[in-house]
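Numbering-wise, my numbering puts 123 at position 123 of the sequence shown, and it's gapless, one number per residue. For glycine and all other residues, C-beta sits at the position ideal for the given N, C-alpha and C. One structure is given here, and the rest of the page talks about it.
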Amino acid sequence: MSEQTVTSVSASKANNANQLLRRDVRFLGNILGEVLVHQGGKELLEVVEKIREMSKSLRAEYNPELYSEFKAAITSLTPDNRHQVIRAFALYFQLVNIAEQNHRIRRKRDYERSAGESVQPGSIEDAVQVLKDRNIAIEDVKEMLSGISLELVMTAHPTEATRRAVLDIHKRIALDVMELDNPTLTHREREKLREKLLNEVFTLWQTDELRGRKPTVIDEVRNGLFFFEETLFEALPNVYEELERCLKKYYPEEDWHVPTYLRFGSWIGGDRDGNPSVKAKITWETLTLHRALALDKYTEALQDLMGLLSFSTNIVEITTELEDSLRSDRETIELNCVGIWRNEQEPYRIKVGYILQKLANTRDGAENGYEGPHELIEDLKIIDRSLRHHFADYAADTHIRKLIRQVELFGFYMSALDIRQHSQEHENAMTEVLRKMHIVDNYAALSEDEKVELLEKLLNDPRPLTSGHLDYSESTRECLDVYETVYRAQKVFGQNCISSYLISMTEAASDMLEVMVFAKEVGLFRKEADGTVRCTLQSVPLFETIDDLHAAPGIMKKLFSLPVYREAVKAMGETHEIMLGYSDSNKDGGVVTANWELRVALNDITAAAKEFGVKLKFFHGRGGALGRGGMPLNRSILAQPPHTIGGGIKITEQGEVLSSRYGMPDIAYRSLEQATWALITAARLAKYPEQMPKQNDEWNEIARSISETALNKYQDLIFRDPDFMTFFKESTPLSEVGELNIGSRPSKRKNSDRFEDLRAIPWVFAWTQSRYLLPAWYASGYALEQYVQGDSGRMQNLRDMYASFPFFRSLIDNLQMALAKADLLIAREYAGMIKDSTIRDRIFGQVEEEYSRTLRMLLDITGQSEILDNVPVIQESIRLRNPYVDPLSYLQVQLLTELRSIPDDSGDAVLLREVLLTINGIAAGLRNTG
């Protein structure tokens with residue numbers, strides 16, 4: 001077959017696949033049309049269709065007359081019609097998102113079905129095959145696998161705009177749409193499926209998209225656990241199973257059991273920074289819910305096992321080990337009716353009954369439960385060995401081995417919980433504690449050197465600092481209670497249930513030492529008489545602003561040079577976790593500078609730690625949106641310099657990312673598979689740097705100079721223009737975003753209108769809604785142009801960097817995505833809400849000029865004709881969505897204008913509700929909130 005024929009066949013397959021996507025979108029769109037007619041009459045459908053067609057035509061070719069007609073059609077809607085139109089477009093996006101998610105699954109399955117023996121790029125087998133093809137020895141492979149580590153940490157940041165009730169309906173619709181591909185369906189079965197889908201869309205139409213109240217922290221905990229219950233409990237061990245299958249295929253001489261390298265963590269219920277609702281008792285309740293789910297999942301799996309393990313001693317011979325185990329169980333464990341199996345010839349079912357009883361005892365805190373997951377694993381291994389003894393290897397591999405892996409991954413606490421608090425809270429508490437003990441009157445007023453000297457002394461002193469006989473302020477008492485809760489949790493749920501205490505706004509070494517001193521008070525840090533240090537909780541700095549990133553290497557060197565702190569690191573396995581904030585650094589310095597400074601910090605902090613023989617685990621605080629470091633999981637792993645991943649990686653997963661990546665089993669599996677591919681690839685490049693693309697030493701200097709120029713340009717507008725905050729607040733739905741009940745945490749750190757106190761999430765959310773997406777691209781075009789200055793040689797440098805410098809390529813591709821989603825024609829409508837026309841025209845003119853400049857520079861660097869020509873699937877998706885997002889944007893501007901014209905003391909609940917509906921719809925259409 002010729003190359004031309006192969007290309008033709010591939011194109012044909014891609015076209016057929018896209019036809020199936022279009023079929024699903026059309027099918028769901030027609031069902032929505034029926035619902036609109038049923039609920040609002042033909043007139044509603046006609047209005048929606050008219051607006052949609054005009055929007056589509058405007059996107060195809062701008063026409064001033066049609067534009068005026070389009071805006072007139074929107075402004076002339078009656079309040080009742082307007083409400084229905086908003087909901088129609090918003091619901092359409094929900095259905096399109098479902099269809100696209102299903103199509104991702106379909107494409108993967110089609111590839112696997114048609115590829116035969118060929119290996120899918122970006123798959124686990126692809127990564128392992130590369131290892132084999134490059135003649136990497138088995139011992140080196142084992143060393144790499146033992147060194148990789150990825151923890152994906154769910155956060156409760158308020159960016160998931162969709163209610164759980166709505167997501168449940170989405171899931172049912174997705175499963176039904178998937179069934180449309182079933183070729184064995186009869187005509188009647190297809191009719192029934194269509195009736196069911198019509199019913200589900202009716203239900204969706206009649207379900208409130210908006211939350212009636214802010215979710216509580218425990219609501220958020222349950223929402224996070226939903227993903228473990230629905231997808232991750234099965235998907236995660238399946239990824240391990242696939243990796244072991246591939247290793248066995250390419251390295252058959254080894255009996256593989258891959259060490260734990262991929263797991264999930266959580267901040268939900270542990271993150272108290274700026275969220276007064278997260279108390280110590282909430283953290284305890286969170287861990288209790290985590291344990292309950294873990295034990296419930298094991299119970300379900302064991303109940304299934306009891307039905308499967310019907311092997312009889314009349315036919316097979318079990319091991320003596322299993323016989324002894326059963327004898328011991330009979331002597332020590334009293335079975336209730338649930339766990340009793342009466343057939344004495346079926347020992348596996350009897351053993352499973354005892355395991356179920358021990359799990360129940362563990363849940364109830366009764367005698368004869370499990371001390372920890374290791375005891376449950378040992379019981380399962382006894383069954384596994386006995387099954388293999390009589391050649392029931394398939395049952396052992398299929399059922400027991402998977403359950404053992406699940407217990408290894410999820411333990412008795414489902415996911416590790418991180419604690420996070422602002423550094424100022426610790427300083428306030430320390431000041432009060434030291435004053436009451438007459439150690440120092442005003443700790444907060446000490447210099448940094450004096451603080452470090454004092455805290456080091458206190459860590460070396462075994463005497464307590466606090467007393468139950470002293471009265472502390474409520475905030476200090478709560479601060480101390482957190483440490484007591486962590487100590488108790490480690491005793492009850494296992495030492496690894498909480499081992500990281502993150503410190504927001506870490507600006508000095510004392511910020512971290514304060515946490516260690518409080519940890520000492522409850523026994524989480526202890527120095528024995530012989531000088532040995534025992535430590536089970538690590539203080540983790542969160543470096544967020546550009547200045548903090550600059551200071552980070554010096555702070556860590558100072559800490560590592562303190563003997564008592566260095567011993568604490570040793571007690572934690574010679575590894576130190578460090579978190580880097582992508583959101584605040586972006587808000588502080590702009591997208592180009594944030595990305596560059598984060599890269600510099602990674603390298604400099606790694607070098608500092610290497611001086612002291614410490615391995616680093618970097619925790620990347622990426623958001624879901626482009627303006628907060630958001631990108632596909634595999635790309636975010638490969639974006640790190642390979643030599644910085646040696647101690648492991650943690651990455652935040654938040655907001656809409658959780659639903660899109662982990663809402664459906666097949667997509668969850670694919671996301672985790674791609675992450676595994678990226679981890680193995682990064683580990684290979686770290687071990688064999690000669691396999692990396694050749695890079696020019698000058699490129700780092702070029703990137704540094706571009707970053708410096710971008711920072712000045714960005715801060716000229718954001719920090720130094722006195723009218724900027726007026727422009728931002730009046731031309732975006734910032735204040736209305738605060739009314740959307742999408743999280744338990746306030747949108748500001750303090751009750752303040754200062755830019756510094758605004759959280760990064762609403763900052764990005766508001767710019768996304770108004771279609772500027774300004775934080776994701778502003779100042780980049782200017783900086784690139786200033787570097788080139790018309791010099792063709794310099795432009796060639798940037799083209800070479802795009803081709804061979806992963807950091808720069810990732811930056812440029814993210815900028816492409818941001819420009820593709822931004823729309824300044826619509827942003828101009830939002831700018832029209834600014835009362836002072838001088839401010840509006842001046843600042844919008846700057847933004848518009850920078851957008852055009854950035855677009856021109858990106859096309860010149862990439863050699864593309866249009867933005868996103870390099871990823872046509874995403875390009876097409878954005879093109880298809882824009883005509884449907886546009887009406888919601890124009891409606892939002894109209895509603896905001898009306899709402900803001902009403903005096904503050906009266907308000908209008910109906911108008912506000914409609915604004916919030918447009919926010920939800922635009923978020924679904926752009927597939928981004930914050």
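Asked                                                                                                                         : Found
Contact between the segment 543 to 554 and the segment 584 to 594 (3+ Cβ pairs under 8 Å)                                     : yes
Chain-order list of residues whose beta-carbon lies under 7 Å from that of Leu-774 (same chain, five-residue window excluded) : Trp-767 and Val-847
Residue from Val-258, Arg-534 and Ala-552 whose Cα sits closest to the Cα of Ile-404                                          : Val-258
Exposure of Glu-65, with buried meaning 16 or more beta-carbon neighbours within 10 Å                                         : exposed
Stretch-stretch touch, CB-based, cutoff 8 Å, three pairs: the segment 258 to 274 with the segment 200 to 211                  : no
CB-CB length for Val-35 against Val-166, believed under 8 Å                                                                   : Contact flag wrong, Cβ pair sits at about 15 Å.
Residues bridged to Val-517 (per DSSP)                                                                                        : Paired residue(s): none; Val-517 is not in a bridge.
Where His-170 falls: helix, strand or coil (DSSP)                                                                             : helix
Reduced DSSP secondary structure (H/G/I, E/B, other) of Val-482                                                               : helix
Between the CA atoms of Gln-691 and Phe-391 - distance to the nearest angstrom                                                : 44 Å
Cβ-Cβ distance between Leu-896 and Met-833 below 9 Å                                                                          : yes
Sequence-distant residues of its chain with Cβ nearer than 7 Å to Met-54 (five each side left out)                            : Leu-66, Glu-69, Phe-70 and Ala-73
DSSP-derived helix/strand/coil call for Arg-113                                                                               : helix
DSSP bridge partner residues for Cys-535 (one or two, in chain order)                                                         : Phe-525
Backbone secondary structure at Leu-895 - three-state DSSP                                                                    : helix
Contacting residues, own chain, Cβ-Cβ under 6 Å from Thr-286 (five flanking each side not counted)                            : Val-221 and Gly-269
6 Å CB neighbourhood of Ala-280 in its chain, flanking five on each side removed                                              : Asp-481, Val-482 and Thr-485
Burial state of Tyr-501, where buried means 16 or more other Cβ atoms lie within 10 Å                                         : buried
6 Å CB neighbourhood of Phe-518 in its chain, flanking five on each side removed                                              : Tyr-483
Beta-ladder partner(s) of Gly-647, from DSSP                                                                                  : Gly-647 is not bridged to any residue.
C-alpha gap between Arg-842 and Pro-722, whole angstroms                                                                      : 12 Å
For His-422, three-class secondary structure by DSSP                                                                          : strand
Cα-Cα separation between Lys-650 and Ala-668, rounded to whole angstroms                                                      : 18 Å
Three-way DSSP call (helix, strand, coil) for Val-657 in this model                                                           : helix
Tyr-501: first and last residue of the uninterrupted beta strand (DSSP E) it sits in                                          : 500 to 504
Where the alpha helix (DSSP H) through His-620 begins and ends                                                                : It is not in any alpha helix (DSSP H) - His-620 instead sits in the beta strand (DSSP E) that spans 615 to 621.
Whole-Å CB distance - Leu-204 paired with Ile-31, under 8 Å assumed                                                           : Going by Cβ atoms, the distance from Leu-204 to Ile-31 rounds to 10 Å, so no, they are not a contact pair.
8 Å Cβ shell around Tyr-802 - same chain, five flanking residues per side excluded                                            : Phe-808, Arg-809, Ile-812, Ile-861 and Thr-862
C-alpha gap between Asn-870 and Gln-864, whole angstroms                                                                      : 8 Å
Residue range of the alpha helix (DSSP H) that includes Arg-263                                                               : No alpha helix (DSSP H) contains Arg-263, which is instead part of the beta strand (DSSP E) from 262 to 266.
DSSP three-state assignment for Glu-474, whether helix, strand or coil                                                        : helix
Nearest-angstrom Cα separation, counted from Glu-100 out to Asp-24                                                            : 9 Å
Where the beta strand (DSSP E) containing His-576 begins and where it ends                                                    : 575 to 581
Three-state class that DSSP yields for Asp-271 in the structure shown                                                         : strand
Among Pro-563, Ser-114, Trp-284 and Ala-703, the one whose alpha carbon lies nearest that of Leu-798                          : Ala-703
CB contact flag (Lys-687, Asp-140, <9 Å)                                                                                      : yes
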